[in-house]
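A.B. asks:
In the UniProt record's numbering, the protein residues as written are 1 to 203.
As structure tokens, then:
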């Protein structure tokens, strides 16, 4: 191998080696390749050598395209992962209080029934006033977390998506498949059913 060809081959070997390394470090790879391609010096007038240099430059440019392609894929993967993580975090923020709220709803409803029960005893009424304050605080906490009572009432159309039929009864007042009475109201958390309303339904 003559000296010119050896010099060219040495430069090319160095470029290819750096290009391969650059492929594993995508951020710096493209710049490394371009710099080295620009620094290739043709030290011979031999047409064969010039052709070899051109072919090798073409190969390196193809490798550069592959690096950019791989970088694009990686960026797309990162974007997808970021989007998925943000969606999961949004769901957690939106529905994260569901389990705790579900555990609180039964005692909360029981407390409301106690307060709503008729009572003429002045001393008991004082206690009930305090209970009402607690009820309002819990209600506000629920609403701040997107939790609201359904407000089911007699005469509503029975809907199995939000109602649970405790009993089917004959009714002279309501048509078939209507809520006759509400045993316990249901609750939603944003757009999801948290607790079904327990109702009696007209046969």
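Just so it is clear, CB atoms sit at the ideal spot from N, CA and C, and this is done for glycine as well.
Figure out for me which residue from 133, 150, 124 has the closest Cα to the Cα of residue 186.
C.D. replies: Position 186 of the chain shown, counting from 1, holds the residue named residue 186. Taking only the C-alpha atoms, the option nearest residue 186 is 150.
A.B. asks: Would you grab the beta carbon distance between residue 189 and residue 164 for me? Rounded to a whole angstrom, and I think it's under 8 Å.
C.D. replies: Indexing the chain shown from 1 puts residue 189 at position 189. Indexing the chain shown from 1 puts residue 164 at position 164. Their Cβ separation, rounded to whole angstroms, is 17 Å, which puts residue 189 and residue 164 out of contact at 8 Å.
A.B. asks: Give the C-beta separation of residue 115 and residue 135 to the nearest angstrom, bearing in mind that I take them to be a contact with Cβ-Cβ under 8 Å.
C.D. replies: As a first step, residue 115 is located in the chain shown; it is residue number 115 there, counting from the start. As a first step, residue 135 is located in the chain shown; it is residue number 135 there, counting from the start. So it is a contact: roughly 6 Å between Cβ atoms.
A.B. asks: Is the stretch 98-111 in contact with the stretch 128-148, if contact means three or more CB pairs nearer than 8 Å?
C.D. replies: Enough Cβ pairs lie closer than 8 Å, so yes.
A.B. asks: Pull up the distance between the alpha-carbon of residue 78 and that of residue 84, whole angstroms please.
C.D. replies: Residue numbering aside, residue 78 sits at position 78 when the chain shown is read from its first letter. Residue numbering aside, residue 84 sits at position 84 when the chain shown is read from its first letter. Spanning the two alpha carbons is a distance of roughly 10 Å.
A.B. asks: Note down, in chain order, each residue of its chain lying with its Cβ closer than 6 Å to the Cβ of residue 201, except the 5 sequence neighbours on either side.
C.D. replies: Numbered from its first residue, the chain shown carries residue 201 at position 201. Closer than 6 Å at Cβ, skipping near neighbours: 158, 165, 168.
A.B. asks: What does the Cβ neighbour count give for residue 179, buried or exposed, with the cut at 16 atoms within 10 Å?
C.D. replies: Locating residue 179 in the chain shown gives position 179, where the first residue counts as 1. Residue 179 is buried by the Cβ-count criterion.
A.B. asks: Given this structure, state the Cα-to-Cα distance separating residue 174 from residue 183, to the nearest angstrom.
C.D. replies: Working through the chain shown from its first residue, we reach residue 174 at position 174. Working through the chain shown from its first residue, we reach residue 183 at position 183. C-alpha separation (whole angstroms): 17 Å.
A.B. asks: Quick one: what does DSSP say residue 160 is sitting in, helix, strand or coil?
C.D. replies: The residue given as residue 160 occupies position 160 in the chain shown. The answer is coil: DSSP assigns residue 160 none of H, G, I, E or B.
A.B. asks: Just tell me which of 146, 160, 162 has its CA closest to the CA of residue 92.
C.D. replies: As a position in the chain shown, residue 92 is number 92, starting the count at 1. Minimum Cα distance to residue 92 is reached at 146.
A.B. asks: Out of 172, 192, 170, which one is the CA nearest neighbour of residue 161?
C.D. replies: In the chain shown, counting from the first residue as 1, residue 161 sits at position 161. Checked all of 172, 192, 170; the closest Cα to residue 161 is 192.
A.B. asks: Taking residue 129 as the reference, which of 142, 144, 112, 143 has the closest Cα?
C.D. replies: For the purposes of this step, residue 129 is taken as the residue at position 129 of the chain shown. Nearest option by C-alpha distance: 112.
A.B. asks: Pick out the complete beta strand (DSSP E) segments inside the stretch 63-118, 3 residues or longer, and give them in chain order.
C.D. replies: None, since the stretch 63-118 contains no complete beta strand (DSSP E) of that length.
A.B. asks: If you reduce the DSSP assignment to three classes, tell me which class residue 149 lands in.
C.D. replies: Your numbering for residue 149 matches position 149 in the chain shown. Secondary structure at residue 149: strand, using DSSP grouped into helix, strand and coil.
A.B. asks: With 16 as the cutoff for other CB atoms within 10 Å, does residue 55 come out buried or exposed?
C.D. replies: For this step, residue 55 is matched to residue 55 along the chain shown. With fewer than 16 other Cβ atoms within 10 Å, it is exposed.
A.B. asks: Do you know how far the Cα of residue 95 is from the Cα of residue 67?
C.D. replies: Here the question's residue 67 lines up with position 67 in the chain shown. Here the question's residue 95 lines up with position 95 in the chain shown. If I take the Cα positions, the gap works out to 42 Å.
A.B. asks: Spell out whether any CB of chain B is found under 8 Å from the CB atom of residue 88.
C.D. replies: Judged by its chain identifiers, the structure shown contains no chain B, having just a single protein chain.
A.B. asks: Which residues bound the beta strand (DSSP E) around residue 200?
C.D. replies: Taking the first residue of the chain shown as position 1, residue 200 is located at position 200. For residue 200, the enclosing beta strand (DSSP E) starts and ends at 197-202.
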